[in-house]
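Chemist:
In full-length UniProt numbering, the protein residues as written are 1 to 75.
1) Between which two residues does the alpha helix (DSSP H) holding residue 57 run?
2) Quick check: the Cα distance between residue 74 and residue 41, rounded to an integer number of angstroms?
3) Just tell me which of 72, 38 and 64 has its CA closest to the CA of residue 22.
4) Of the residues 56, 62, 45 and 70, which one's Cα is nearest the Cα of residue 25?
5) Report the rounded CA-to-CA distance for residue 70 versus residue 58, giving the unit in angstroms.
6) What are the start and end residues of the alpha helix (DSSP H) that includes residue 31?
7) Would you mind sorting residue 19 into buried or exposed? The rule is 16 or more other CB atoms within 10 Å of its CB.
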């Protein structure tokens, strides 16, 4: 399977900032999987927005860990 990662302009290691795979669609799909497994998002709009932001940040950390990328961007 090929990855559609856009290399950074400086030629360094690709990051989520330059990764065309990390999209709103990915976040939506993961949220749908969680809901199908019985997890529920907060009802209050402010709580829901905060939870969405925290969840998106956690998903970014998850995809980096899944690919073996450390916090400093190294493999």
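Here a beta-carbon is modelled for each residue, glycine too, at the ideal position from N, C-alpha and C. On a predicted model such as this, the values are computed, not experimentally measured, just so you know.
Modeler: From the atom records:
1) 45-66
2) 33 Å
3) 64
4) 56
5) 14 Å
6) 24-36
7) buried
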